[in-house]
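Sequence lines, in order, name chains V and S.
Numbering of the first sequence is given in the working numbering, commencing with residue 2 and proceeding in unit increments.
Numbering of the second sequence is given in the working numbering, commencing with residue 2 and proceeding in unit increments.
Where is the CB? At the ideal position from N, CA and C, for every residue including glycine.
Number of protein chains: 2
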Amino acid sequence: MDFSRFDDYLREVNSEIEGLLQGEPEKLYVAARHITLAGGKRIRPLLCFLSCEALNCAGENVIKTAAAIELIHTFTLIHDDIMDRDSLRRGVPSVHEEFGETTAILAGDLLFSKAFEMTDPRMVRILAHASAEICEGQEMDIEFERRKKVSESEYLEMVEKKTAVLLEVATKAGAILGKGSRKQISALAKFGLGLGMAFQIHDDVLEITADEGRFGKPLGSDIAGGKKSLVIIKAAEFLRDREKEEFIRILGNDRGADVQRAIELIKNSGALEYCMEREEDFIKGAIDSLGDLPETEAKKSLFDVADFVIRRDS
Amino acid sequence: MDFSRFDDYLREVNSEIEGLLQGEPEKLYVAARHITLAGGKRIRPLLCFLSCEALNCAGENVIKTAAAIELIHTFTLIHDDIMDRDSLRRGVPSVHEEFGETTAILAGDLLFSKAFEMTDPRMVRILAHASAEICEGQEMDIEFERRKKVSESEYLEMVEKKTAVLLEVATKAGAILGKGSRKQISALAKFGLGLGMAFQIHDDVLEITADEGRFGKPLGSDIAGGKKSLVIIKAAEFLRDREKEEFIRILGNDRGADVQRAIELIKNSGALEYCMEREEDFIKGAIDSLGDLPETEAKKSLFDVADFVIRRDS
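Right under this line is the structure:
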């Protein structure tokens, strides 16, 4: 997907964010800008903006709200990286790696504060509720690490909270600011939610299949970290006999896990194909939910984003 | 000060908070409730409520906003304790000590989210701005630990952000919800700010002079942690010759600092008396700012709170 036609719009979002992240102490603000302005696909702001446009409405405060949603996303990345001990993000050292854990916690808190300073007041409750759900989802994700078995439905509940609700908020906020009808708001919210589910499952797949240089973080860290991604859950289910035993042994061996061998086993298990089918299902559901929306350029672009979500290789 | 006449009101605030902190995963919510409901003086909710009452107005949403401010305060305590490696808070183990660092980061984030979910929408920008300033103040506080010399004015700037702005927000929000005039809002905001300054300086003094059992955390941890409290800044300035050298040597010795000896030196330096004078100044300024406010029961109670702030022994 060619994002360049949204360049002007994304530049506005970025300059809104950059403007808000100026201040002192210097170190705190440098840390807050570090990951925030180190790239990132800006999928959430884009979804917010396009959802508003799809209703043929300019939408007051949509840029500010889109930027606020991106700040909340980045805040969660910074805190998650501390918890997951991930040292790379968006191809650069993670915030705690570069600035220490204390400043990383504070940089996250600062982004969170700035998000609420910036957003349209009508969006506060929705954003705050989603943020609470993200915390719940992240806690589940962490608790799953210590469990031997996690079911697909537990995984899906976790992903809905940890990832999908924020994409749901992005499309929903765009629809509300675009003065959509109740039905339109709910349709666009559903679209965002489905997209979010597919997005996370695709991320889990990329953890195994991506080109490491482009992915911006090491492959297979889910395996080493004991994460229960859908790929891992399904591989453990699909593998048989000796391969199954071997796979489960690798997962349980948190230090020095043989990540390469586990990746090989996953690739042979059929789990990747299963996950790609689930992605397709979620994307189909998402697209169907927009059936009643008028055929606009923005709607076409929303479909392009949906397509991108399950085709991207990084 | 006898807080019992506010019991009904504080019960409402507490039940508002307790109601909001129910959910799953269980561990996350238990952690979020742990410090939040383990006591605490509820000074900020009280200030919010009394500021509203002082304008003879019931004030819609004042309980919810007062609760939200307390949640923001608690969120900062949880994250600060991680950064400062403090293992006790309000007489119980700190959240990271009891539930691990990951859950503590998330419990803080959750309280922050819930605060914005709960507060009156008109208060969001003020609360969010204050939260950003608290992050700035905490970063300054941490950076000061690594510096040899910090001036009184740098200290005051740090304390204004780290502590005083949230008390300012409490009184200001109460005044806004109480439909105060611009002048009344500014007077009550000034009152809260001055109170906040005195509050933190008194806390610094208590770190040296309190009864450890009642204080709920170990004495002298500022010294061991390299904090530049006003007491420490002033003792380093007031002490002479061999005692000065000895004091500075103890401060620089972050492991195994002789905290007892440093406390003795501080007590002999005149720094405590200096700090208590500064507290009095701030409280006087705060009280003066309410000169034009009608003489009500609530105003009297605000003065009682001011008095309590610099007389409390825990």
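Cβ pair residue i, residue j closer than 8 Å
i	j	result
S114/V	I73/V	no
F283/V	A263/V	no
I127/S	A174/S	yes
G168/V	L196/V	Sequence check: residue 168/V is Leu here, not Gly. Contact flag set, yes.
R91/V	A171/V	no
K180/V	C58/V	yes
L266/V	L240/V	yes
E137/V	E25/S	yes
L22/V	Y30/V	yes
L56/S	A176/S	yes
T104/V	A39/V	no
E146/V	G227/V	yes
A188/S	L294/S	yes
Spatially closest choice to residue i from the options, by CA coordinates
i	options	result
M84/V	G101/S, E153/S, K163/S and D293/S	G101/S
A225/S	F283/S, I251/S, Q139/S and R312/S	I251/S
L273/V	V260/V, F76/V, D259/V and L231/V	L231/V
I36/V	H80/V, V63/V and S182/V	H80/V
H203/S	F7/S, V310/S and R43/S	V310/S
E325/S	R148/S, V93/S, Q139/S and A176/S	A query on residue 325/S cannot be resolved here, the shown segment of chain S reaching from 2 to 315 and no further.
K218/S	L168/S, L56/S, K268/S and L78/S	L78/S
G109/S	D82/S, V93/S, R183/S and D259/S	D82/S
A1/V	F216/V, L47/V and A211/V	Residue coverage of chain V in this structure runs from 2 to 315, which leaves residue 1/V outside it and unanswerable.
D259/S	E296/S, L220/S, E61/S and K229/S	L220/S
A129/V	D289/V, K162/V, I143/V and F216/V	K162/V
K268/S	P295/S, S88/S and K245/S	K245/S
F76/V	C276/V, H97/V and M124/V	H97/V
D205/V	E99/V, L22/V, D314/V and S302/V	D314/V
I288/S	V306/S, M277/S and L89/S	V306/S
K149/S	G253/S, I18/S, D242/S and M277/S	G253/S
N62/S	C276/S, K285/S, M124/S and A32/S	M124/S
I209/S	R243/S, Q261/S and A188/S	Q261/S
E278/V	D212/V, M198/V and T103/V	M198/V
D308/V	G214/V, L294/V, F200/V and K228/V	F200/V
D9/V	R243/V, I64/V, E27/V and G41/V	I64/V
E213/S	E27/S, E17/S, K42/S and L89/S	L89/S
V93/S	D142/S, R34/S and E281/S	R34/S
F7/V	K229/V, R43/V and R147/V	R43/V
In DSSP terms, what residue i is bridged to
i	result
V93/S	R90/S
Simplified DSSP state of residue i, which is helix, strand or coil
i	result
K229/S	coil
P26/S	coil
T66/V	helix
C136/S	helix
C53/V	helix
E296/S	coil
C276/S	helix
P122/V	helix
D8/S	helix
N254/V	coil
K191/S	helix
D308/S	helix
P219/S	coil
G214/S	helix
A59/V	coil
D259/V	coil
G271/S	coil
S16/V	helix
L38/V	coil
V151/V	coil
K180/S	coil
D289/V	helix
R243/V	helix
beta-carbon residue i near the ligand SAM non-hydrogen atom, thresh 7 Å
i	result
I311/V	Of ligands this structure carries none, so the ligand SAM is not represented either.
Task: Validate contact between the region 116 to 129 of chain V and the region 58 to 72 of chain V using beta carbons, cut 8 Å, 3 pairs - done: yes
- [ ] Indicate whether the contact test is met: 3 or more Cβ pairs, each with one atom in the region 186 to 196 of chain S and one in the region 36 to 52 of chain S, closer than 8 Å.
- [x] Result yes; three or more Cβ-Cβ pairs closer than 8 Å.
Open item on the list: Under 8 Å: do the region 230 to 244 of chain S and the region 265 to 272 of chain S share three or more Cβ pairs, one atom per stretch?
Closed with: yes
Open item on the list: Within 8 Å, do at least three Cβ pairs link the region 146 to 160 of chain S to the region 5 to 20 of chain S?
Closed with: no
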